[in-house]
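This report refers to the structure that appears directly beneath it.
Numbering (my numbering), first residue to last: 5 to 175.
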């Protein structure tokens, strides 16, 4: 009888501890103080890379806007948001990654660089102006024009994650 009572009390205490304690992780705009920051403005992305792929700037702009609208509670405004992002594509490069026995590149690395000017009007210390890079490599057996769009999708997603994390996640 005494063991049953002890087991019942121990179980009740454990239940209360488990129900009373919780750990919460947020990865969606977790560092945003929504009492001070309510809006974001994202300017059109400009492409000033030496090699310009015409659809990239518009696609990058829309995907960047979609990320902030879908993963934060910020309202997107045309200008003068509490947070402001201005991005410029400054690099669109292909370079040999490894040279084969025939002195030709076995793999090629494709790199896109984006310069980001981020302004946080609520906390100027968090503002920055810096570049972000992402790359993917591909084998020489695949012509660049055949893999370019797929690689760009992956690179763009990577760059947008980096920018999002640096601006509102403070990573």
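A virtual CB, placed ideally from N, CA and C, is assigned to each residue, including glycine.
Computed from a predicted model, the values in this text were never measured in an experiment.
Only buried fits residue 61, as 16 or more other CB atoms lie within 10 angstroms of its CB. Annotated as distal: residue 164 and residue 139, with beta-carbon spacing of 9 Å or more.
In the displayed model, residue 97 falls within a strand according to three-state DSSP.
Pairing residue 146 with residue 112, the inter-Cα distance amounts to about 10 Å. Annotation: residue 131 is outside any beta strand (DSSP E) and is labelled neither H nor E by DSSP.
Counting only residues of its own chain and dropping the five nearest sequence neighbours on each side, residue 45 has a CB closer than 8 Å to the CB of 80, 81, 82, 83, 84, 85, 87, 88 and 89.
With a contact defined as Cβ atoms closer than 8 Å, residue 41 and residue 98 miss out at about 39 Å. Burial state of residue 39 is exposed, judged by a 10 Å Cβ sphere holding fewer than 16 other Cβ atoms. A direct Cα-Cα distance of roughly 21 Å separates residue 100 from residue 136.
Residue 119 and residue 133 have their C-alpha atoms some 7 Å from each other. Out of 94, 71 and 172, the CA that lies nearest to the CA of residue 117 is found in 94. Here the C-alpha atom of residue 123 lies approximately 17 Å from the C-alpha atom of residue 76. Beta-bridge partners assigned by DSSP to residue 119: 92 and 135.
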